[in-house]
Structure formats: structure tokens, C-alpha cells
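Student:
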Amino acid sequence: MSDFKRAGFMPFMLSRCPRCGKGKVFRNKILSFKKFSDTLEHCPSCGLEYEPETGFFFGAMYWTYALLVGSTVILSILLYYLGYFEQAVYIIPAIILFSLPWVFRYGRLLMLYVVYPIMYKDKFTGKK
Ligand SMILES: [Zn+2]
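What the sequence shown shows, in the numbering used here, is residues 3 to 130, in sequence order.
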């Protein structure tokens, strides 16, 4: 087992710090359309540095891609069984466009919750 504790599912869903689960991660509210993905530099509660190195959040592209492909597959199956498969060509892009701010944010949060504790364990735990 690892010797650090990561915040749980609810802090993840509420966009809170992956270490303490209290401080917020994003600067603005999700519906502030211009800057919904602006990330704070440090956790206001425990001081965790959110971007351990330049370009850390480029990895969020892969998470975002996985989330979009996964939700497209699930939506396609759902629409097929509901009998709306021919309209799926309009419904799925509309849902994806509407959910993009959330998908963007959860891509970044997955970087913070999954990749950060593994790749930057010393920074995450606060040890040198
Ligand atoms: Zn924190």
C-alpha cells in the first residue's frame, strides 16, 4: 500500500484538491464560458502546487479524449436501444458540445487525481 492518502470521490466530483479535498482547483465557475478551465496555481487550503511542471496538463487531452469516446459509445448504445439511432447523428454532437466544459475539467482533475500522485509522489506528499 502507498503511504499517502488521496482525497476521495466526492472531492473529485466537486473539483477539490486531490490531497486535502478542501481547496478548490479551478479559478472560475464552470459556466463562466471564457475561462472555465483556468486552474489555480496552489491549493488555497494545503498549498499543493497544482502544476508540478510546465505542460503537466497536456496529459489531460488523453483523459478528455477517453471521456468523449467513452460517452459517445455509451450514448450510441443507449440511443440504439431507445430507438433513436438515426437521430444520434444530431443528438450526440449536441450533448458533447454542451458537456465540453465538464469534460475539460474532469480531464484535468483526472490528471491531478491519477497521474500526479504516481509521477510526482514527493511533491504530492510534501516530502523532499
Ligand atoms: Zn489541498
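Where is the CB? At the ideal position from N, CA and C, for every residue including glycine. Small disclaimer: the values here were computed from a predicted structure and weren't measured.
Measuring only from the beta carbon, is L50 closer than 6 Å to any heavy atom that is part of ligand 1?
Tutor: yes
Student: Compute the beta-carbon to beta-carbon distance between P20 and L114, rounded to the nearest angstrom, for a pair I have assumed lies under 8 Å.
Tutor: 5 Å
Student: What residue range does the alpha helix (DSSP H) around L80 cover?
Tutor: 62-84
Student: Would a C-beta distance cut-off of 7 Å place A62 and G109 closer than the cut-off?
Tutor: Contact: yes.
Student: Starting from L102, follow the alpha helix (DSSP H) in both directions and report where the run begins and ends.
Tutor: Counting along the chain, the alpha helix (DSSP H) containing L102 begins and ends at 90-112.
Student: Based on the DSSP secondary-structure assignment, which residues constitute the bridge partners of F28?
Tutor: T41
Student: My output table needs one value for M3: the three-state DSSP class, helix, strand or coil.
Tutor: Per-residue confidence for M3 stands at a pLDDT of 43, beneath the threshold of 50, marking its modelled position as unreliable; the derived number appears in the next sentence. Here M3 sits in coil by DSSP.
Student: Could you tell me how far apart the beta carbons of L69 and V105 are, in whole angstroms, since I believe they sit closer than 8 Å?
Tutor: 5 Å
Student: Measuring CA to CA, which of P54, G128, K123, R107 is closest to R18?
Tutor: R107
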